[in-house]
Structure formats: structure tokens, C-alpha cells
Amino acid sequence: MSGDLVGLLVDIQVSRLCRASATAAALYDHLITFSDEVELIWKQRWSIAKVLFFVTRYCGNAVIIAVLISLLVDIPSDSVCKAAAEFQNWAATIPAWVVQVIMQFRLFALYDRSMWIATLMATSFTLQIIAVIVITTSDLHGFEVISQSFPGFTFCLITKLPRFSYAGWACIMAFETLLFSLALYKTIIRLCRTDKWWKGGNVSDVLLRDNILYYFAAFTTYTLVTIALFALPPMWIEVFGSYTGTITCTLGSRLVLNIRKASYRHQECVDTAEIGYQLQELDLNIVNRWSLDDPERR
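The opening residue of the sequence shown carries number 1 in the UniProt record's numbering; numbering runs sequentially from there.
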């Protein structure tokens with residue numbers, strides 16, 4: 001067996017292991033957050049947040065598993081290989097758009113439902129989607145993938161990438177940077193106006209913290225995929241791309257869970273304070289009535 005073939009087989013196994021580990025990470029995160037999911041999502045009334053959570057968590061996990069299966073089964077024809085590769089590309093792109101919608105709702109709340117912020121985000125989001133679709137569809141003719149037979153199995157190998165295949169991810173990164181800038185601005189304003197640092201359960205702090213952390217995690221993976229697309233061998237596209245969907249769907253789900261948890265904790269505090277106030281009023285009324293009814297106090 002030649003050295004090139006051995007190296008290729010090693011690359012295939014590494015890509016499969018990366019995809020399997022990314023899938024396991026997504027399912028593990030779902031398992032450890034399921035109790036919070038039941039209390040904060042499914043026991044509450046239907047809302048846009050619940051729909052976005054379902055799409056991000058359940059549809060996202062289904063896509064992640066489907067991509068793993070496509071890497072493990074034998075694909076005998078080049079046309080099916082190309083379709084599978086295109087599916088992987090959209091499987092990484094569409095969840096990113098769904099999470100961006102979640103981020104826009106959060107920023108809309110942070111900016112007190114400002115219409116100019118909503119218009120800015122919606123316009124930029126629409127332009128981003130159009131740009132990615134145009135770039136991706138126009139580059140299909142320059143994308144080549146073949147079904148390669150190996151002893152005991154077949155595997156899809158990328159033989160040619162479009163010249164500007166990284167441009168779509170660059171558009172996604174640009175819009176993510178816009179959302180990050182809006183969150184960072186609010187963070188700076190908040191730090192300048194308060195003497196206290198982050199409060200763990202404060203709704204505004206949770207919004208800012210999660211938006212910023214998501215940006216750094218997502219931007220890192222998108223950057224690695226972009227670098228792999230124009231500067232590294234095709235195997236690295238699969239390695240870095242394996243974790244893109246997992247990070248996007250996992251953190252996207254936690255964006256919804258964390259804000260739900262902070263909101264309901266805040267509501268409980270408000271309800272507790274209101275109950276305490278009502279009890280104080282009740283005690284005061286009882287004392288006053290007792291004082292009026294007592295003959296010795298007249």
C-alpha cells in the first residue's frame with residue numbers, strides 16, 4: 001500500500017472521528033440540559049422562542065446525525081457524493097441563520113425595541129442571505145467531488161473547490177460581527193453607568209454575556225472553516241466543519257434556555273416581593289382592626 005493511500009485513509013478516519021465526536025458533544029449537551037428544557041420550554045406556552053428552540057435543538061441535532069450517517073455509509077456515485085457535500089454545506093449554513101434570528105430578538109430587547117435597530121439588523125440579515133445563496137449557487141459548477149473506492153468501503157473525496165468558496169462564510173462572519181458590535185456597545189454603556197460588575201441572574205447581563213460568548217465561539221469556527229477553504233487541504237474542511245454545526249446548534253439552544261431561566265428567575269423575585277408586600281399590608285390591616293376593636297385602646 002502506497003504512502004499516499006495510507007495518508008488518505010488516515011485523513012478519512014480523522015474526519016470521521018471528528019464528525020462522530022462533534023455529534024456526541026451535541027447529544028451530550030442535549031442530555032444534560034433536558035431537565036431545564038422541559039421546565040423552561042415545553043411546560044410554557046407556545047411562542048416564537050419555543051419554535052426557534054425546537055428548530056435549533058431538535059432539527060439541528062437531526063441534521064448533525066444525518067451528516068454523520070452520510071460519512072459512514074457507502075456512496076457509490078459521484079452525483080450522490082456531490083449532493084451529500086452540498087447538503088453538508090447547507091446543514092452548516094442554515095442553523096447559523098436560525099441562531100442569528102435568535103440573536104436579533106435578543107438585541108431588539110436590549111435596545112428597548114428600537115425600530116431603527118430592528119431595521120438595520122433585518123436589512124443586513126436579508127442582504128447576507130441573498131449574498132450567501134448567490135455565491136453558493138454560482139460556485140456549484142466549480143465544485144467537484146468523486147466517489148472513491150477503498151478496500152471495504154467507498155468515500156466521497158473533494159477534488160476541486162470553487163475559487164471563492166470562502167466568500168459565503170465571509171458574509172456570515174460580517175453579519176455576526178455587526179451583531180457583536182451592537183452587543184459590545186451596550187456592554188460598554190452598561191459598564192460605564194454602573195459601579196457593579198456582572199450579576200449572574202440579571203436578564204440584561206445574561207443577554208450581553210451570551211451574545212458576546214457566542215460570537216467568539218462561532219467566529220472562531222467560521223474563521224477556521226474559511227481558512228481551510230482557501231489555504232488548507234480539503235480534509236481540514238471536514239475537520240473544522242464537523243464542529244461548526246454542533247457549536248451553532250448547541251450554543252443557539254443555550255441562548256434560549258439561559259434567557260428563559262433568567263427571565264423566570266426575575267419573575268419569581270418580583271412575585272416574591274409582591275407577596276411580601278401583600279403580607280405586610282395584611283398584617284398592618286389586622287393590627288389596625290385589632291386596635292380599633294380592643295375597648296382598652298379606645
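Positions of the beta carbon are idealized from the N, C-alpha and C atoms, including for glycine.
Checklist entry - Going by Cα to Cα distance, which pick from Leu27, Ala109, Cys18 is closest to Thr250? => result Leu27
Next on the checklist: Am I right that Ala22 and Tyr243 are in contact with their C-beta atoms under 8 Å? What's the rounded C-beta distance?
Outcome noted: 5 Å
Checklist entry - When you compare each of Val239, Asn258, Arg260 to Val10 by their alpha carbons, which one comes out closest? => result Val239
Item to check | Length of the line joining the Cα atoms of Ala167 and Val132 | outcome: 8 Å
Item to check | N-terminal and C-terminal residue of the alpha helix (DSSP H) that Phe87 is part of | outcome: 78-110
Checklist entry - Around the Cβ of Thr56, are there at least 16 other Cβ atoms within 10 angstroms (buried) or fewer (exposed)? => result Flag for Thr56 reads buried.
Next on the checklist: Threshold first: 4 residues or longer. Then list the alpha helix (DSSP H) segments lying entirely within the UniProt domain "DUF6533" (18-60), N to C.
Outcome noted: 34-37, 48-54
Checklist entry - Can you check whether the CB of Leu71 is closer than 7 Å to the CB of Ile102? => result When the beta-carbon positions are compared, Ile102 and Leu71 stay at least 7 Å from each other.
Checklist entry - Rounded to whole angstroms, how far is the Cβ of Leu255 from the Cβ of Asp210, which I believe are closer than 8 Å? => result 5 Å
Checklist entry - For Val38, is the classification buried or exposed, using 16 other Cβ atoms within 10 angstroms of its Cβ as the cut-off for buried? => result exposed
Checklist entry - Which residues mark the beginning and the end of the beta strand (DSSP E) in which Ser165 is found? => result Counting along the chain, Ser165 sits inside no beta strand (DSSP E), nor does DSSP assign it H or E at all.
Next on the checklist: Taking 8 Å as the cut-off, does the segment 174-187 touch the segment 102-115 (at least 3 CB pairs, one atom from each stretch)?
Outcome noted: yes
Next on the checklist: Assuming Ala91 and Val67 are in contact, meaning their beta carbons sit under 8 Å apart, how far apart are those beta carbons, in whole angstroms?
Outcome noted: Taking 8 Å as the upper bound for CB-CB distance, Ala91 and Val67 are in contact here, some 5 Å apart.
Item to check | Status (buried if at least 16 other CB within 10 Å, exposed otherwise) for Ala96 | outcome: buried
Item to check | Enclosing alpha helix (DSSP H) for Phe143 [first to last residue] | outcome: Premise fails: Phe143 is in no alpha helix (DSSP H) and is neither H nor E.
Checklist entry - Taking the alpha carbon of Thr177 as the point to measure from, which residue in Thr220, Thr137, Ile146 has its own alpha carbon closest? => result Thr220
Next on the checklist: Let me confirm a value: Gln88 is counted as buried when at least 16 other C-beta atoms fall within 10 Å, else exposed. Which label applies?
Outcome noted: It is buried - the Cβ of Gln88 has at least 16 other Cβ atoms within 10 Å.
Checklist entry - Where does Ile64 fall in DSSP's three states? => result helix
Item to check | Three-state secondary structure (DSSP) of Ile158 | outcome: strand
Checklist entry - Where does Ala218 land, buried or exposed, given buried means 16+ other C-beta within 10 angstroms? => result buried
Item to check | Proximity of Val99 and Gly252 at Cβ, strictly below 7 Å | outcome: yes
Next on the checklist: Less than 7 Å between the C-beta atoms of Leu40 and Arg260, yes or no?
Outcome noted: yes
Item to check | Buried or exposed by the 16-neighbour rule on C-beta atoms within 10 Å, applied to Cys192 | outcome: exposed
Next on the checklist: I'd like to check one pair, Ser147 with Thr154: are the Cβ atoms closer than 7 Å?
Outcome noted: yes
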